[in-house]
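Taken in sequence, the protein lines are chains A and B. Following this note's numbering, the numbering of the first sequence begins with 49 at its first residue and continues without gaps. Following this note's numbering, the numbering of the second sequence begins with 49 at its first residue and continues without gaps. Glycine included, each C-beta is placed from N, C-alpha and C at the ideal position. Just so it is clear, the structure is predicted and the values come from calculations on it, not from any experiment. The structure under discussion appears below in the form of structure tokens.
2 protein chains.
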Amino acid sequence: MITLDLALPDTRYPIHIGQQLLDKADLLLPHIRHRKVALISNTSVAPLYLAPLRQTLERAGVEVIPVILPDGEDFKTWETLNLIFDALLQHRCERNTTLIALGGGVIGDMVGFAAACYQRGAPFIQIPTTLLAQVDSSVGGKTAINHPLGKNMIGAFYQPRAVIADMDLLDTLPARELSAGLAEVIKYGLLGNAEFIGWLEQHIAALRNKDKTALAHAVQTSCAMKADIVSQDEKEQGVRALLNLGHTFGHAIEAGLGFGTWLHGEAVGAGMLLAAEASRLIGNLTESDVQRVRHLLELAGLPTISPDLGVETWLELMSHDKKVSGGEIRFVLLQSLGQAYVAPLPQQILHELFTGRFIEKA
Amino acid sequence: MITLDLALPDTRYPIHIGQQLLDKADLLLPHIRHRKVALISNTSVAPLYLAPLRQTLERAGVEVIPVILPDGEDFKTWETLNLIFDALLQHRCERNTTLIALGGGVIGDMVGFAAACYQRGAPFIQIPTTLLAQVDSSVGGKTAINHPLGKNMIGAFYQPRAVIADMDLLDTLPARELSAGLAEVIKYGLLGNAEFIGWLEQHIAALRNKDKTALAHAVQTSCAMKADIVSQDEKEQGVRALLNLGHTFGHAIEAGLGFGTWLHGEAVGAGMLLAAEASRLIGNLTESDVQRVRHLLELAGLPTISPDLGVETWLELMSHDKKVSGGEIRFVLLQSLGQAYVAPLPQQILHELFTGRFIEKA
Ligand SMILES: NC(=O)c1ccc[n+]([C@@H]2O[C@H](COP(=O)([O-])OP(=O)(O)OC[C@H]3O[C@@H](n4cnc5c(N)ncnc54)[C@H](O)[C@@H]3O)[C@@H](O)[C@H]2O)c1
Ligand SMILES: NC(=O)c1ccc[n+]([C@@H]2O[C@H](COP(=O)([O-])OP(=O)(O)OC[C@H]3O[C@@H](n4cnc5c(N)ncnc54)[C@H](O)[C@@H]3O)[C@@H](O)[C@H]2O)c1
Ligand SMILES: [Zn+2]
Ligand SMILES: [Zn+2]
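Structural data, given as structure tokens:
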């Protein structure tokens, strides 16, 4: 097991990365008060991993209140959040009762937001069970639910007490979900670590075969980069925005097709290719840079052609992005492979992009 | 106009107290970006004060998006909160769009929570229009909505950018609401300022007659005490709990009778008398201390006899309190008039209290 430390102005917390971590009560107990936790998962993950974790906790004398939510991005809503509040209140959970999120990014984001709001702030622990959640959503304290008019529109910056990333949990992860997680892994390379892009090109097959050593290295590299960026800018007022590479486009794809049609990671993957292409159109990247991105995404099993939403709809959907300021949409673009920055894009480039070669032809 | 300054580790903000403040654009403009605000009020307050404030803003070139919510504690719910989110998203408000709360504590708490959650945190300004909101809820950053199983159970600590307390707005406040606000004013005397208790005994008539000088003094003294306590303990981990004097009992009354039957301030008033009586029963206060509290509450036009909820129900309702820790209910008690502390109460004292002289007889 390797432990990273994420240090912020008001708090710090460990990110444990390894195998067989659900057995280790000592990773959890320092963050639990009054021997009681709410263990929150969903109908797909709970049958796989809730029992062993529960056993670890109960053996350590901790009462476990399981809360099983419906599975899916469609349920990342206030109604589902309320199921958590109902259970917490019915079981008289106090404001120092720890909530444990056992699941992918949807569970992690919802449990984090529930913890942020329950009695104005309860402690919580992230146990991410998808690659995407291990490398991205469980770290950094962004929590949210969706609104019909926009994804992740309602939420909080609220940090967990610990993150426990166990590679063994990925054994059961469907290949498509693994690929979606790889999109966020690739993102770290593209936005800030050119060397890691090379490593990924060499190890993408091992990763897709769930080689635990390769996975742990990818998770560790990703989390270390995320921790570094978040520690510089917890509330996304500057450098943290770079983590949204591919996301402004990706969110438009998700919203345009209806949440859940494409996976978040798939949309981000296609979105990163659009960001690369836009970066080429404005003169930053070469054609071979763009092809390298496209190729890596393909090796990762990700879509590279975005749906044809129509220029108007693209712009409309992106105008709801949280990075919009003064009406201007701000994009994460690439200066080179391994170096990102934030800037607006000219209308004409956007038009070219949304009618161009990486958009589906009718 | 007098301006207090509330300084916290991460932020500081002004509390302006005076008259004719809705005309003063310069109190608002420093906290508004991109010349656009959402001005949120309710069906009772908007017809009285929304137009003049809107005019002040529009004259200064600020676009105003009015959001009018239904009036009342019954509507302090997620459904109402969602009306705010709907309007913000429909009007493409960004995460730096300022929300202005124009109303009593219900509007202030909801707008504050909406601001805390909108795109993970938008700026907001409190313009409290009830005495209670001016002396208490608008200051200190506690925001929340209710859950069927408990009041203010879902919320956030989230500070406004400014508080503007205009005595003129109290002209239209019903007498019963004014009295409810006086309960929180009296609270500050009881918990930490014996001299202020004497001042209140002398000026309670002037306050009830809406003498603006007396009101401004009461608001200023109250806000200064609250600001002092909050600056020591923003997240209520210590001394801030003292501000809950009368509230553990009061919340039980509100929940026991159904939210909205008694006003919050009325319940707190009766709750403070129970806290005083409990403090006498354990030997802290004298009979004449308790009578002095009772008399001041009566002069303020507040109820002093609590409903007979039955001992079991009292305990059950109080067990949901946010100050419960390790299953133990913690009460704010008086060491003397003007000095409070937090402690549990023996079962036998609680029994005596809830069957005693300040409980309604069948
Ligand atoms: N907070 C952040 O910083 C952040 C960052 C990126 C993404 N996100 C959010 O994360 C969400 C996407 O997360 P996700 O990709 O993990 O989706 P997800 O949580 O929906 O999980 C994907 C699917 O895999 C299942 N699953 C999870 N773990 C499994 C396992 N070990 N074995 C078998 N099946 C398993 C889930 O039940 C689900 O059906 C989106 O809502 C996105 O907005 C948040
Ligand atoms: N956040 C905190 O720290 C804190 C502290 C104390 C109370 N609170 C909350 O505050 C709420 C109670 O606040 P409240 O007592 O202001 O109630 P309120 O907001 O319901 O206002 C009382 C009534 O007076 C009306 N009103 C408001 N201003 C008026 C005016 N100027 N003229 C005429 N009518 C007016 C309102 O529309 C309402 O009908 C409760 O929900 C309580 O939980 C919060
Ligand atoms: Zn993402
Ligand atoms: Zn109160």
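Minimum Cβ-Cβ distance from H195 (chain A) to chain B less than 7 angstroms: yes
Leaving out the 5 sequence neighbours to the left and right, which residues in its chain are closer than 6 angstroms to L239 (chain B) when beta-carbon positions are compared? L290, L293, A388
With DSSP as the reference, label N411 (chain B) as helix, strand or coil. Chain B is shown from 49 up to 410; residue 411 (chain B) falls before or after that span and cannot be answered.
Tell me, please, whether the CB atom of V372 (chain A) is closer than 7 angstroms to any CB atom in chain B? yes
Measuring only from the beta carbon, is K370 (chain B) closer than 6 angstroms to any heavy atom that is part of ligand 2? no
Terminal residues of the continuous alpha helix (DSSP H) containing V154 (chain A)? 153–165
Does the beta carbon of Q174 (chain B) sit closer than 7 angstroms to a beta carbon anywhere in chain A? no
Check: V390 (chain A) C-beta below 6 angstroms from any heavy atom of ligand 1: no
T191 (chain B) - containing beta strand (DSSP E), residue span: 190–195
Pull up the distance between the alpha-carbon of D281 (chain A) and that of V287 (chain A), whole angstroms please. 6 angstroms
For V338 (chain B), which three-state DSSP category applies? helix
Assuming L131 (chain A) and L117 (chain A) are in contact, meaning their beta carbons sit under 8 angstroms apart, how far apart are those beta carbons, in whole angstroms? 6 angstroms
Do we get a CB-CB distance below 7 angstroms when we pair E142 (chain B) with the residues of chain A? yes
How long is the line joining the alpha carbons of L77 (chain B) and A163 (chain B), rounded to whole angstroms? 18 angstroms
Apply the 10 Å Cβ neighbour rule to A223 (chain B) and answer buried if 16 or more other Cβ atoms are within range, or exposed otherwise. exposed
With burial defined as no fewer than 16 other Cβ atoms inside 10 Å of the residue's Cβ, what is the status of S227 (chain B): buried or exposed? buried
Residues of the region 350–367 of chain A whose Cβ lies closer than 7 angstroms to any Cβ of chain B, in chain order: S367
Going along the chain, which residues put their C-beta within less than 6 angstroms of some heavy atom in ligand 4? B:D184, B:E232, B:H295, B:H312, B:V316
Can you tell me whether K190 (chain A) sits near ligand 1, meaning its C-beta is under 6 angstroms from at least one heavy atom of the ligand? yes
Is any beta-carbon of chain A found at less than 7 angstroms from that of Q250 (chain B)? no
Do we get a CB-CB distance below 7 angstroms when we pair H64 (chain A) with the residues of chain B? no
Any C-beta of chain A within less than 8 angstroms: which residues of the region 121–152 of chain B qualify? W126, N130, F133, D134, L137, Q138, R140, E142, R143, N144
Buried or exposed for I330 (chain A), please, with buried defined as at least 16 other CB atoms from any protein chain shown within 10 angstroms of its CB. exposed
DSSP state of T51 (chain A), grouped into three classes? strand
Can you find a C-beta in chain A that's less than 7 angstroms from the C-beta of I113 (chain B)? no
Element boundaries [beta strand (DSSP E), containing N200 (chain B)]: 198–205
Measuring only between beta-carbons, confirm whether F379 (chain A) sits less than 7 angstroms from chain B. no
Sufficient close CB pairs (3 or more, under 8 angstroms) joining the region 267–284 of chain B to the region 351–366 of chain B: no
Please give the ranges of any alpha helix (DSSP H) in the region 53–86 of chain A, keeping only runs that are unbroken, at least 4 residues long and fully inside the region. 73–76
Using the beta-carbon count (16 or more within 10 Å), is K283 (chain B) buried or exposed? exposed
Show which residues of chain A have a CB atom less than 8 angstroms away from the CB atom of L190 (chain B). A small fix is needed here, since residue 190 (chain B) is Lys in this sequence, not Leu. Those within 8 angstroms of K190 (chain B) in chain A are R168.
Does chain B have any CB closer than 7 angstroms to the CB of H82 (chain A)? yes
S89 (chain B) versus P100 (chain B): straight-line alpha-carbon distance, rounded: 13 angstroms
Along the chain, where does the beta strand (DSSP E) containing S227 (chain A) start, and where does it finish? Premise fails: S227 (chain A) lies in the alpha helix (DSSP H), 223–240, not in any beta strand (DSSP E).
Residues that F205 (chain A) contacts on chain B, provided the C-beta gap is smaller than 7 angstroms: R168, G169
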